[in-house]
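Engineer: Under full-length UniProt numbering, residue 35 is the last one in the sequence shown; the count climbs by one each step, no gaps.
The beta carbon of each residue, even a glycine, is placed where N, CA and C say it ideally should be.
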Amino acid sequence: MDELHDFVERTMEEGFERLHKQQKAAQDEFRKQHE
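(1) In the DSSP assignment, the alpha helix (DSSP H) including His-5 goes from what residue to what residue?
(2) Straight-line CA distance for Ala-26 to Leu-19?
(3) Take Val-8 and list the residues in its own chain whose beta-carbon comes closer than 7 Å to its own, dropping the five residues that flank it on each side.
What follows is the structure, given as structure tokens:
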């Protein structure tokens, strides 16, 4: 049971990190287009 919980937490963290990077990349792109 603990292993599953650890796996879920790790997966969620990785997902959040990836989402955050995509969001930052999108913001940078937006800024470049509107300078």
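Structural biologist: Working from what's here:
(1) 2-33
(2) 11 Å
(3) none
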